[in-house]
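Take a look at the structure set out below.
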Amino acid sequence: MTANRELDDILRRAADGGRISPEEALLLYTDAPFHALGEAADTVRRRRYPDNIVTYIIDRNINYTNVCVTACKFCAFFRAPKHEEGWSHPTEEILRRCGEAVDLGATQVMLQGGHHPDYGVEYYETLFSAVKAAYPDLVIHSIGPSEVLHMSKVSGVSIEESIRRIKAAGLDSIAGAGAEMLPERPRTAIAPLKESGARWLEVMEIAHNLGVESTATMMMGTGETNAERIEHITMIRDVQDRTGGFRSFIPWTYQPENNHLKGRTQATNLEYLRFVAVARLFFDNVAHLQSSWLTTGKDVGQLSLHMGVDDLGSIMLEENVISSAGARHRSKLTELVSMIRGADRTPAQRDTLYRHLKVHWTPADDPTDERVVSHFSSIALPGGGAGGRTALSVIDAQ
Ligand code: SF4
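One point on numbering: in UniProt numbering, the residue at position 214 of the sequence shown is 214, and numbering is uninterrupted.
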């Protein structure tokens with residue numbers, strides 16, 4: 001209960017599973033007392049997941065190239081074509097990394113990269129079919145709408161044809177990458193050469209209608225307004241009403257190093273946690289909410305579990321893109337599980353479809369493999385792989 005009758009009514013309706021409007025979401029975001037907001041969001045989580053389970057996944061982000069023609073201002077990962085630090089991994093190297101991931105228990109790979117001027121649909125067909133031939137059980141949850149649009153343009157085919165062909169080659173689902181901020185003003189300010197937010201959603205809608213589900217993300221903190229943050233989730237919710245194809249929503253905070261946008265991140269931890277809770281209340285049609293310990297840190301990641309979050313994402317056996325822009329947080333599987341347990345939740349390893357693979361009902365069931373640790377092999381960080389032919393470096397998980 002709060003001292004404000006209007007806020008109380010909205011919180012109660014949302015906690016009961018009712019739909020709230022974008023205007024009501026904005027009011028909650030700016031005015032609702034923090035604890036009341038978290039309590040309402042956690043009520044939704046408990047109703048959806050009465051087993052009190054919080055999931056995680058073991059996966060690896062593998063970047064096939066950092067060469068990109070799109071030059072987003074916030075991106076510290078890409079290099080322009082012909083830049084001396086540009087690289088592309090051969091298929092054998094990508095398969096080697098997939099093999100390492102499988103050995104460590106990964107069930108999913110996120111193959112992502114820049115918009116290489118030569119990479120059309122044929123490149124992705126070759127890559128995905130090679131991964132599936134070598135590791136048939138490894139789920140390819142990869143690329144994003146931007147890559148789909150780019151490959152369609154390079155190959156001169158429709159979006160539908162691209163998705164049909166890469167699905168036939170082995171793509172299982174599309175990552176929510178590249179959403180950044182979907183509303184036009186903030187998107188144009190940070191990624192003027194990228195497709196519009198409407199186009200990003202159009203690709204997702206086509207994919208969902210072709211049976212390829214996805215996740216949806218949001219990057220907070222590059223100068224967008226509170227109203228634009230709410231507009232972003234409204235655009236996603238509208239598509240979800242038609243397709244039901246977004247499995248989860250994953251907000252994360254912009255990292256300000258090594259890019260052309262510069263500046264300090266403008267999303268504070270409190271703003272992040274409040275937004276996570278509002279997202280849980282707003283998305284009555286999206287099943288899962290994942291928080292980002294990678295960009296906000298493990299403490300905030302654990303706190304988010306009290307704000308409606310039911311999934312802590314991945315240990316990230318490899319991550320290069322966000323770490324290039326300054327994310328320094330690292331973890332290991334045993335630590336991720338104790339973060340979940342420390343929030344009084346039951347940890348469970350999930351697959352891409354959020355099915356439970358292993359539920360750690362008691363601490364005696366907790367995983368003990370200390371090899372499952374975050375890594376990087378970034379070109380932009382000291383000690384990074386500079387082309388990535390070397391074995392992954394292990395990061396101190398403290
Ligand atoms: S965010 Fe993606 S599309 Fe934008 S510059 Fe970086 S690699 Fe290219």
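Note that beta-carbon positions come from the ideal geometry of N, C-alpha and C, so glycine has one too.
Distance between residue j and residue i (C-alpha atoms, nearest Å)
i, j, result
"Glu-24", "His-208", "28 Å"
"Phe-78", "Gly-114", "6 Å"
"Glu-92", "Glu-271", "43 Å"
"His-89", "Asn-63", "8 Å"
"Asp-299", "Gly-313", "15 Å"
"Val-239", "Arg-341", "35 Å"
"residue 402", "Thr-295", "Nothing in the structure corresponds to residue 402, since the chain is present only between 1 and 398."
"Thr-362", "Asn-61", "30 Å"
"Tyr-56", "Gln-290", "9 Å"
"Leu-127", "Ala-134", "11 Å"
"Val-154", "Gly-86", "19 Å"
"Ile-94", "Leu-353", "23 Å"
"Glu-224", "Asp-365", "43 Å"
"Asn-259", "Pro-22", "32 Å"
"Ser-142", "Ser-129", "13 Å"
"Leu-333", "Gln-302", "14 Å"
"Asn-269", "Val-69", "33 Å"
"Trp-252", "Arg-274", "12 Å"
"Arg-355", "Thr-107", "12 Å"
"Ala-198", "Pro-186", "13 Å"
"Ala-297", "Met-151", "Note that residue 297 is Gly in the sequence shown, not Ala. C-alpha separation (whole angstroms): 34 Å."
"Ala-175", "Leu-111", "9 Å"
"residue 400", "Leu-7", "Lying before the first or after the last residue shown, residue 400 is absent from the chain, which here runs from 1 to 398."
"His-116", "Lys-82", "11 Å"
"Val-157", "Ser-214", "22 Å"
"Val-359", "Asp-351", "12 Å"
"Leu-392", "Ser-331", "For Leu-392, the pLDDT reaches just 39, beneath the cut-off of 50, and the residue's location in the model is therefore unreliable, leaving the point undetermined."
"Trp-200", "Val-286", "18 Å"
"Arg-237", "Glu-125", "31 Å"
"Ala-15", "Ser-146", "35 Å"
"Arg-96", "Val-102", "10 Å"
"Pro-256", "Arg-45", "32 Å"
Simplified DSSP state of residue i, which is helix, strand or coil
i, result
"Leu-210", "coil"
"Arg-19", "coil"
"Arg-48", "helix"
"His-116", "coil"
"Leu-392", "For Leu-392, the predicted model reports a pLDDT of 39, less than 50, meaning its position is unreliable; a value from the coordinates is still stated below. Reduced to three states, the DSSP call for Leu-392 is coil."
"Ile-174", "strand"
"Gln-266", "coil"
"Gln-302", "helix"
"Arg-280", "helix"
"Gln-240", "helix"
"Val-103", "Here the sequence assigns Asp to residue 103, which means Val is not the residue at that position. Looking at Asp-103 - three-state DSSP - the assignment turns out to be helix."
"Val-121", "helix"
"Lys-132", "helix"
"Lys-73", "coil"
"Val-342", "The residue asked about is misnamed: residue 342 is Gly in this sequence, not Val. In this structure, Gly-342 counts as helix in the three-state DSSP scheme."
"Val-148", "helix"
"Asp-366", "coil"
"Glu-6", "helix"
C-beta contact flag for residue i and residue j at 9 Å
i, j, result
"Thr-368", "Val-54", "no"
"Val-148", "Ser-173", "no"
"Cys-72", "Leu-193", "yes"
"Ser-196", "Ala-216", "no"
"Ile-233", "Met-219", "no"
"Val-278", "Tyr-49", "no"
"Ala-32", "Thr-2", "yes"
"Gly-105", "Val-131", "no"
"Arg-13", "Arg-19", "yes"
"Glu-100", "Leu-336", "no"
"Ile-190", "Phe-34", "no"
Bridge partner(s) assigned by DSSP for residue i
i, result
"Leu-111", "Ile-62"
"Pro-347", "Val-54"
"Val-359", "Ala-348"
"Thr-217", "Ile-250"
"Val-139", "Gln-108"
"Gln-290", "Asp-311"
"Ser-88", "Thr-65"
"Val-373", "Lys-332"
"Arg-79", "Val-67"
Residue i: CB within 8 Å of a non-hydrogen atom of the ligand NAP
i, result
"Ala-191", "The ligand content of the structure shown is limited to the ligand SF4, which means the ligand NAP is not among them."
Contact with chain D by residue i, beta-carbon distance below 9 Å
i, result
"Ile-159", "The question asks about chain D, but that chain is absent: this structure has only one protein chain."
- Message: With a threshold of 8 Å, are at least 3 pairs of Cβ atoms found where one atom belongs to the stretch 174-189 and the other to the stretch 221-235?
- Response: yes
- Touching by the beta-carbon criterion (3+ pairs, under 8 Å), the stretch 300-316 and the stretch 27-42: yes
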